[in-house]
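To start, the structure under review is shown below, and the notes come after it.
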């Protein structure tokens, strides 16, 4: 019996479309490592001209019962859910129940005065400046297994006396904004967004296997389990007991997403104006148009317009990308935390649209310019500190006659080997290349890091005299009113370390500059009053300028 199940697993595709779909072998090759009987994987759906022309499941939806993934497997899709939260807001706007220009303070009066300048449109575009609640929970010392509720999140956000930036000044992705949009739907509609979406969106579109999962105890038929790699070359279960929705929380299938995709082109449920608002890109205060619209990213891939969004949470990864002018959409829902469905969706597009891409764009993207000096540098000329962004420094050292890269934000160390003149790569990495440039005063001044098609330029960090820094000056307890948490600084083997509250583990601080330290929490900038350290500000990804006062 088991052999029959496994044979089905490896042949789980849409039979009706297979004979018509000549690129299937090339597409299957993208997922070959997952098309096995003992690993989690994904479900793939390809929609062309409103037809689901190819579906296939790769790997297992449930490793305990050897259940294969398929187009009817129900996946958590993480932040890909944001478009459905936005859809609820747009529907309420169309009904005249709210305006996209309504401000946050008028909806939730307990917020500080800055909320008067934050509109619903800012929340939709990630231009509100509101700090990310997931990052806040991390900075409070909470782990992935800690439980909290909507009430906790609301209180955390109300406690924030500052924003990351003034509303409309910048774009910075914030899960808090979309969680708040879910709370706005609840307040305006008078029912939970899960119930509103079911009544106004999913049932009318006949998406009967799609819902906002706001009850982690709810039984879901055909649910795929989430997994992450363990330390023994196997996998372990990765799920969550959190019930937040808005920034995420959608459970859905490939078959249902096809119905959602259909509604983009023609629908008796969703109007043309609805999709106009959904795809209206944000505009910053300076007039700059950003790529983010309403739960959707509007950009181009090799010259062709795309409407897309990815998602990642616990053991799930997802991507939906639509090429509207070609009426082609690709959806990949994975139940493994080491997946990169966004990259895989692009690979599928490369196969299906290779004759449609603009040739000059393809040529430009394939031929990335990498400046290689004629003179080869010695390893001694390369060593030193390169600042990728403020507080994040990669240190190049020599060990056993080869270069090593040490990342100060997580203390990870990698050996890199030469592949060409002044070009190096990490062993085992296929697409991470380091190039060193600009010799001055005996040392290279620039490190270019090429990862896939993304290039990052890091400049050599100016050396500072740390001999006068007395780490004992920073010892003490610092309290954040906004987090309601205390960070305790202490010396461990001559290294400054942070202990959050009374936790047993500590976090190392690495000197970044005068009165600045890099940690896995982020960059700490200490300040003084009357010559004594009195507090610090913390920049941590989607949380900026968080203040701590010395007790």
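Numbering (this note's numbering), first residue to last: 3 to 553. All C-beta atoms, glycine included, are put in the ideal place defined by N, C-alpha and C. From a predicted model like this one, the values you see are computed outputs, not experimental measurements.
Residue j beta carbon less than 9 angstroms from that of residue i
{"i": "residue 202", "j": "residue 93", "result": "yes"}
{"i": "residue 177", "j": "residue 136", "result": "yes"}
{"i": "residue 46", "j": "residue 260", "result": "no"}
{"i": "residue 182", "j": "residue 548", "result": "no"}
{"i": "residue 337", "j": "residue 90", "result": "no"}
{"i": "residue 395", "j": "residue 463", "result": "yes"}
{"i": "residue 63", "j": "residue 75", "result": "yes"}
{"i": "residue 446", "j": "residue 383", "result": "yes"}
{"i": "residue 77", "j": "residue 253", "result": "yes"}
{"i": "residue 100", "j": "residue 123", "result": "no"}
Unbroken beta strand (DSSP E) run spanning residue i, endpoints
{"i": "residue 179", "result": "Element bounds for residue 179: not the beta strand (DSSP E) but the alpha helix (DSSP H), 177-191."}
{"i": "residue 309", "result": "306-315"}
{"i": "residue 168", "result": "Counting along the chain, residue 168 falls outside any beta strand (DSSP E), and DSSP gives it neither H nor E."}
{"i": "residue 481", "result": "478-482"}
{"i": "residue 422", "result": "415-422"}
Integer-rounded CB distance, given that residue j should sit under 8 angstroms from residue i
{"i": "residue 241", "j": "residue 316", "result": "6 angstroms"}
{"i": "residue 311", "j": "residue 518", "result": "With a Cβ gap of about 35 angstroms, residue 311 and residue 518 do not count as contacting."}
{"i": "residue 393", "j": "residue 524", "result": "7 angstroms"}
{"i": "residue 536", "j": "residue 530", "result": "6 angstroms"}
{"i": "residue 174", "j": "residue 128", "result": "6 angstroms"}
{"i": "residue 477", "j": "residue 491", "result": "5 angstroms"}
{"i": "residue 283", "j": "residue 294", "result": "7 angstroms"}
{"i": "residue 321", "j": "residue 334", "result": "5 angstroms"}
{"i": "residue 379", "j": "residue 438", "result": "6 angstroms"}
{"i": "residue 557", "j": "residue 196", "result": "Here the chain comprises residues numbered 3 to 553, so residue 557 is not present and cannot be evaluated."}
{"i": "residue 408", "j": "residue 397", "result": "4 angstroms"}
For residue i, three-class secondary structure by DSSP
{"i": "residue 442", "result": "strand"}
{"i": "residue 371", "result": "Only weak support is given to the placement of residue 371: the predicted model assigns it a pLDDT of 48, under 50, and the question is left unresolved by the model."}
{"i": "residue 514", "result": "strand"}
{"i": "residue 537", "result": "strand"}
{"i": "residue 487", "result": "strand"}
{"i": "residue 218", "result": "coil"}
{"i": "residue 128", "result": "coil"}
{"i": "residue 260", "result": "helix"}
{"i": "residue 206", "result": "coil"}
{"i": "residue 194", "result": "coil"}
{"i": "residue 150", "result": "coil"}
{"i": "residue 384", "result": "helix"}
{"i": "residue 532", "result": "coil"}
{"i": "residue 379", "result": "coil"}
{"i": "residue 358", "result": "coil"}
{"i": "residue 114", "result": "coil"}
{"i": "residue 366", "result": "In this prediction, residue 366 scores a pLDDT of 47, lower than 50, which makes its location untrustworthy; the coordinate-derived value is nonetheless stated afterwards. Residue state, collapsed to three classes: helix."}
{"i": "residue 54", "result": "strand"}
{"i": "residue 247", "result": "coil"}
{"i": "residue 294", "result": "strand"}
{"i": "residue 389", "result": "strand"}
{"i": "residue 525", "result": "strand"}
{"i": "residue 283", "result": "coil"}
According to DSSP, residues forming a beta bridge with residue i
{"i": "residue 449", "result": "438 and 460"}
{"i": "residue 237", "result": "231"}
{"i": "residue 409", "result": "396"}
{"i": "residue 254", "result": "77"}
{"i": "residue 544", "result": "DSSP output for residue 544 lists no bridge partner at all."}
{"i": "residue 326", "result": "In DSSP, residue 326 forms no bridge with anything."}
{"i": "residue 499", "result": "492 and 510"}
{"i": "residue 331", "result": "49 and 324"}
{"i": "residue 70", "result": "62"}
{"i": "residue 559", "result": "What the structure shows of the chain is the stretch from 3 to 553, and residue 559 is not part of that stretch, so it cannot be assessed."}
{"i": "residue 426", "result": "420 and 436"}
Distance cut-off 8 angstroms: residue i Cβ against heavy atoms of the ligand MN
{"i": "residue 36", "result": "The ligand MN is absent from the structure shown, which contains no ligand whatsoever."}
Enclosing alpha helix (DSSP H) for residue i [first to last residue]
{"i": "residue 301", "result": "No alpha helix (DSSP H) contains residue 301, which is instead part of the beta strand (DSSP E) from 299-303."}
{"i": "residue 27", "result": "26-32"}
{"i": "residue 102", "result": "Here residue 102 belongs to no alpha helix (DSSP H), and DSSP marks it neither H nor E."}
{"i": "residue 84", "result": "84-96"}
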